[in-house]
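Numbering (my numbering), first residue to last: 1468 to 1733. What follows is a single structure, written as structure tokens, with notes after it.
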Amino acid sequence: MKCPQCGTHNPLGSESCSNCGRAFTRSRIQSPRPATNPYPESEETRQFPADQVRQRQAQSRPDVHVHVQQDDYGYDDEYAYPEAARRSRGMNCVTVLALLLVLAIVLVIAAILATNLFVRPRVEEALATNVGAGIETVVSEQISAELGNLPTGEITLTEADINQRIAEQGNLGPVGDLNVNIVPNGFEADLSAYGLDGGFSSDVTAENGQIQLSNSSVSGPLQYLVSAGEVERIAAGAINRSLAESGYRVEEVTLQDGVLVLTLAQ
1468 MKCPQCGTHN PLGSESCSNC GRAFTRSRIQ SPRPATNPYP ESEETRQFPA DQVRQRQAQS
1528 RPDVHVHVQQ DDYGYDDEYA YPEAARRSRG MNCVTVLALL LVLAIVLVIA AILATNLFVR
1588 PRVEEALATN VGAGIETVVS EQISAELGNL PTGEITLTEA DINQRIAEQG NLGPVGDLNV
1648 NIVPNGFEAD LSAYGLDGGF SSDVTAENGQ IQLSNSSVSG PLQYLVSAGE VERIAAGAIN
1708 RSLAESGYRV EEVTLQDGVL VLTLAQ
């Protein structure tokens, strides 16, 4: 071993130079130290990386909402979007629902107004013009045939005669499929208008020399097109007009299935 100071050759393994006494130092060759991971993996990190990511994002960006859903292969497919955008989407949905609700209310109100202003008057006019005329004709014919000029007497009205005279009026306009029935307590009728079916029922009595219809009702969808009070007024008015024109008043009403008997007096 050569001394780097004086150049003297010394035996191998010498710790110092034999001439100048300089100590020899030996550098140790060390194996490279493995680099350390600044983020050591723990059991929780290895098992739940997505949860760790979401936790770090929540700490660093509280305004970001992380949405996780599974993809077609069963893995978590996550994406983040700002909280403001999420609130904006929610407000948009609420706005659309509110607009749809307002539109539905407007359409309902428009339908009601159209029914009251245009449809209902046409149905009631058809009932008064055609059905009322048919009832008047039946009553007048029976008074003429059964009483003549007698001061008192009875006339018999059958549901078959009433339905026949109504049918003879021809086109009933929006009213169709009309059928009148006489029952032990009054009138019943099945009819339709503008495709809506319904039924009418009413009690029949005599009061102050006239026919009175009471406890009337309209059932089914037809009740949106015609009122029970209007049908009641049309039917009772038709009978009472015929009686007044003939100079008679009603003393008594007798009802049977299919038959109405009126006791009249001048």
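Even glycine gets a Cβ: it sits at the ideal position worked out from N, Cα and C. Here the structure is a predicted model, which means the values were calculated and not measured.
| Query | Result |
| --- | --- |
| Outcome for Gln1560 when other beta-carbon atoms lying within 10 angstroms are tallied against a minimum of 16 | According to the sequence displayed, residue 1560 carries Cys and not Gln. Exposed, because fewer than 16 other Cβ atoms sit within 10 Å of the Cβ of Cys1560. |
| Buried versus exposed call for Glu1718 [16 or more other C-beta atoms within 10 Å across all chains shown] | exposed |
| Bridge partners - Gln1690, DSSP secondary structure assignment | For Gln1690, which the question treats as bridged, DSSP gives no partner whatsoever. |
| Straight-line gap, Ala1571 to Gln1690 (C-alpha atoms, nearest Å) | 22 angstroms |
| Residue(s) in a DSSP beta bridge with Ala1753 | This structure gives no information on residue 1753, because the portion of the chain shown stretches from 1468 to 1733. |
| One or two residues paired with Gly1488 in a DSSP bridge | In DSSP, Gly1488 forms no bridge with anything. |
| Where Leu1566 sits in the DSSP three-state scheme | helix |
| Neighbourhood of Tyr1661 by C-beta, 8 angstroms cutoff - its chain only, sequence neighbours within 5 removed | Val1586, Val1590, Pro1641 and Leu1692 |
| Proximity to Val1647 [Cα-Cα], best of Glu1635, Gln1631, Gln1636 and Leu1639 | Gln1631 |
| Sequence-distant residues of its chain with Cβ nearer than 7 angstroms to Asn1707 (five each side left out) | Gln1677 and Ile1678 |
| Sub-8 angstroms separation of Gly1666 and Glu1674 beta-carbons | no |
| Cβ pair count under 8 angstroms reaching 3, the stretch 1607 to 1627 against the stretch 1679 to 1688 | no |
| Span of the beta strand (DSSP E) around Glu1655 | Gly1653 to Ala1660 |
| Thr1623 and Val1728 closer than 8 angstroms at C-beta | yes |
| Simplified DSSP assignment, three categories, for Gln1733 | coil |
| Backbone secondary structure at Asn1616 - three-state DSSP | coil |
| Buried versus exposed, by CB contacts within 10 Å (16 or more), Leu1645 | buried |
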